[in-house]
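The structure appears right after this line, and notes come after that.
2 protein chains.
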Amino acid sequence: MAEGSMRDGLPEGLASVTGFQLSKCGWWLEQRLEEELKPLGIRVRHFLVLAMLSTSETLSQQEMAGYLLLDPTLMVGLIDDLETRGLCERTRDPRDRRRHSVRITEDGRDLHDRARALADEVGADVFGPLSSDELRTVVKAMGRVMEPFWAEQMIRPRRKR
Amino acid sequence: MAEGSMRDGLPEGLASVTGFQLSKCGWWLEQRLEEELKPLGIRVRHFLVLAMLSTSETLSQQEMAGYLLLDPTLMVGLIDDLETRGLCERTRDPRDRRRHSVRITEDGRDLHDRARALADEVGADVFGPLSSDELRTVVKAMGRVMEPFWAEQMIRPRRKR
DNA sequence: TATTGTTATACTCTATAACTATA
DNA sequence: TATAGTTATAGAGTATAACAATA
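Protein chains in written order, with full-length UniProt numbering: chain A, 1 to 161; chain B, 1 to 161.
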């Protein structure tokens, strides 16, 4: 029996924690998308890699680990998964032969397009209660908030957990 | 070497995934707070429990698990931690003796106040780039977006991972 | 000497199943 | 028979450390 004051369906004291609802919203979005992507045989992280590669000629595994906040060792298996299915390909970077230049393939682009359509559906559903003006404001706000984070992240990477 | 088009310090294809920045913003907030709370000897989840209890007479462990999206078995140790430090107390609910009525103590309230001050600092720092108008819009938007989630959650609980 | 990618291993965290007591 | 809470265990996921190739 939830007594005490409530707000937005939550105990007031919890709803008033700055960022709590935002954190859970992020979690909800990810869970929803994880479910939607199952029929495609990929996880959210696979989709995010394809999303990065879709607008970049090539990226190194370290760069991608930095953007996804994943430990670089996890990128190995992740790219393995995609390469095995012919969704991306690794070549040695001729300018620095330690690096792998990862590039998306045509099949990868096709799967990316399908996955993005699903991601857009989830986004439209979750953010449904917002007017397009409000959604635009939120998206732009997140970009401004996270800009200093990414700038710092690309210099001194932090990882998950 | 990040080639291709960029937006907000990210590859365009990644920045344009609906909710990606929002998810990472939630993660960043949590990491920052986790660090700030270490001197108090608690984790974010402990703070969130105290936050709930601060505005509710009593709550059951199941209710709290539902709000925090944690498996109920995890609440046991969580409440143990707080009770051992005298921050909350368990009593049997006289109307349903299976339930534990969890209540915050005076010491718990004190620690909660200190933790919330830190949470507010983190929030002010992370959301610093936003005007107060924008921040208000974002917070209100999150409340509206998550309302149907909490309504559903309290009926058919889903857990993490 | 430092960095990218790789592999194997250890660790952390969480979920699962089984149990007690209450309903 | 179902539910709240508890416990121990198994499983998933992640980070750590060591290595090869290259800078």
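Even for Gly, the Cβ is constructed at its ideal location relative to N, Cα and C.
Find the residues of chain B that neighbour residue i, judging by a C-beta separation of less than 7 angstroms, and give them in chain order.
| i | result |
| --- | --- |
| SER23 of chain A | GLY26, LEU29, GLU30 |
| THR55 of chain A | GLY4, SER5, PRO11, GLU12, GLY13 |
| VAL102 of chain A | Going along chain B, no residue has its Cβ under 7 angstroms from VAL102 of chain A, so there is no contact; the nearest lies around 12 angstroms. |
Residue i touches chain A at which residues, Cβ-Cβ below 8 angstroms?
| i | result |
| --- | --- |
| GLU134 of chain B | THR137, ALA141 |
| LEU69 of chain B | LYS24, TRP27 |
| LEU48 of chain B | LEU14, VAL17, PHE20 |
Distance, Cα to Cα, residue i vs residue j?
| i | j | result |
| --- | --- | --- |
| LEU40 of chain A | LEU70 of chain A | 22 angstroms |
| MET1 of chain B | ARG144 of chain B | Low confidence applies here, because MET1 of chain B scores a pLDDT of 45, under 50, leaving its location unreliable; read the following figure in that light. So the two alpha carbons sit approximately 40 angstroms from each other. |
| LEU68 of chain A | SER23 of chain A | 16 angstroms |
| GLN62 of chain A | GLU152 of chain B | 39 angstroms |
| GLU36 of chain B | GLY123 of chain B | 12 angstroms |
| ARG161 of chain A | GLN31 of chain B | Caution applies to ARG161 of chain A, whose pLDDT of 28 falls short of 50 and renders its modelled position unreliable; the model cannot decide the point. |
| GLY128 of chain B | SER56 of chain B | 31 angstroms |
| HIS46 of chain A | HIS100 of chain A | 17 angstroms |
| ASP133 of chain B | THR84 of chain A | 48 angstroms |
| GLY9 of chain B | TRP150 of chain A | 6 angstroms |
| THR58 of chain A | ALA115 of chain A | 20 angstroms |
| ARG92 of chain A | LEU74 of chain A | 19 angstroms |
| THR105 of chain B | GLU89 of chain B | 7 angstroms |
| PRO72 of chain B | ARG156 of chain B | 14 angstroms |
| LEU130 of chain B | LYS38 of chain A | 36 angstroms |
| SER54 of chain A | VAL44 of chain B | 36 angstroms |
| MET146 of chain B | ASP96 of chain A | 47 angstroms |
| LEU29 of chain A | LEU135 of chain B | 20 angstroms |
Using a Cβ-Cβ distance under 7 angstroms, would residue i count as near chain A?
| i | result |
| --- | --- |
| VAL17 of chain B | yes |
| THR105 of chain B | no |
| GLY123 of chain B | yes |
| LEU87 of chain B | no |
| ALA119 of chain B | yes |
| ALA51 of chain B | yes |
| GLU147 of chain B | yes |
Indicate whether at least one CB of chain B lies closer than 7 angstroms to the CB of residue i.
| i | result |
| --- | --- |
| GLU35 of chain A | no |
| ASP8 of chain A | yes |
| ILE155 of chain A | no |
| MET75 of chain A | no |
So residue i packs on residue j, CB below 8 angstroms; how close in whole Å?
| i | j | result |
| --- | --- | --- |
| LEU50 of chain A | LEU118 of chain A | About 12 angstroms separates the two Cβ atoms, so there is no contact after all. |
| LEU14 of chain B | MET52 of chain A | 5 angstroms |
| MET142 of chain A | GLN21 of chain B | 4 angstroms |
| LEU87 of chain B | GLY66 of chain B | That belief does not hold up - the Cβ atoms of LEU87 of chain B and GLY66 of chain B are roughly 21 angstroms apart, past 8 angstroms. |
| VAL126 of chain A | LEU48 of chain B | Rounded, the Cβ-Cβ distance is 22 angstroms, inconsistent with contact. |
Would you mind telling me which residues of chain A sit closer than 9 angstroms to residue i, beta carbon to beta carbon, in chain order?
| i | result |
| --- | --- |
| ARG144 of chain B | ASP8, PRO129, LEU130, GLU134 |
Strictly by DSSP, which residues pair up with residue i?
| i | result |
| --- | --- |
| LEU59 of chain A | A:VAL102 |
| GLU89 of chain B | B:ARG103 |
| MET6 of chain B | B:PRO11 |
For residue i, return the contacting residues in chain A, with the cut-off set at a CB-CB distance below 7 angstroms.
| i | result |
| --- | --- |
| ALA151 of chain B | GLY9 |
What residues of chain B sit near residue i, judged by a beta carbon separation below 9 angstroms?
| i | result |
| --- | --- |
| LEU82 of chain A | Within chain B, no residue comes near LEU82 of chain A; the closest Cβ sits about 14 angstroms away, beyond 9 angstroms. |
At a threshold of 6 angstroms, does residue i count as lining the ligand NAP (C-beta to nearest heavy atom)?
| i | result |
| --- | --- |
| LEU33 of chain A | Only the bare structure without any ligand can be found here, which leaves the ligand NAP out of the picture. |
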